[in-house]
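Each remark here refers to the structure printed beneath this line.
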Amino acid sequence: MSKVINLPRCLLSSGVRGVITVDMIGRIPVPSTLSREVSVVVSVSGRAQHPVGRDIVEFQAVAPGRGIIRKEAHVQQFRSSFNAFLQQLFTACARVLHIHPATPLSASIEIGRTVLPKAFEEVHIWEWQAPNWKSALRLK
1 MSKVINLPRC LLSSGVRGVI TVDMIGRIPV PSTLSREVSV VVSVSGRAQH PVGRDIVEFQ
61 AVAPGRGIIR KEAHVQQFRS SFNAFLQQLF TACARVLHIH PATPLSASIE IGRTVLPKAF
121 EEVHIWEWQA PNWKSALRLK
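For the sequence shown, position 67 (counting from the first letter as 1) is numbered 67 according to my numbering, and the numbering increases by one without interruption.
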């Protein structure tokens, strides 16, 4: 059974067990312990719809928008921040990730490059096809 994550920024709604939002700058840390299987919502080019059924950790830009990544320096900042975020997830005992991205192509590529294949047992990538998330890729 999933546990509800009780943090000051934890948001609870119907069907969503717990939502933690971590900004790209890393001002809000990932909790020290998480469920083994978590949904990772990545909101960079827009606000991604939260999936239902698992604990959710959201990695988001301070101000998500379509033009947020405009140059190589922005890609490098995203890569560095997202890699640190993944390391925090691993340290918190998450081993199966369900990634739900709202990202530009450059950030999506960096997500694929930074996923730690030896750290996580499975990585599921989901694609938004309104009104639902559809499974797009499973890495095991």
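Every residue, glycine too, gets a C-beta built ideally from N, C-alpha and C.
Nearest neighbour of K140 by Cα position, chosen from W128, L86, L116 and N132, turns out to be L116. The Cβ atoms of F120 and L97 lie closer than 8 Å to each other.
Counting the other Cβ atoms within 10 Å of the Cβ of A73 gives fewer than 16, which makes it exposed. For R138, the enclosing beta strand (DSSP E) stretches over residues N132 to L139. Around the beta carbon of P104, a 10 Å sphere encloses 16 or more other beta carbons of the protein chains shown; the residue is thus reported as buried.
Residues of the same chain with a CB within less than 8 Å of the CB of V38, apart from the 5 flanking positions on each side, are R54, D55, I56, V57, L89, A94, V96, L97 and H98 in chain order. Ranked by Cα distance from R70, the options T33, S106 and I125 are led by S106. Excluding five sequence positions before and after S135, the CB atoms of its chain that fall closer than 7 Å to its own CB belong to H124 and W126, given in chain order.
Around the beta carbon of I111, 16 or more other beta carbons lie within 10 angstroms, which makes this residue buried. Secondary structure at S106: helix, using DSSP grouped into helix, strand and coil.
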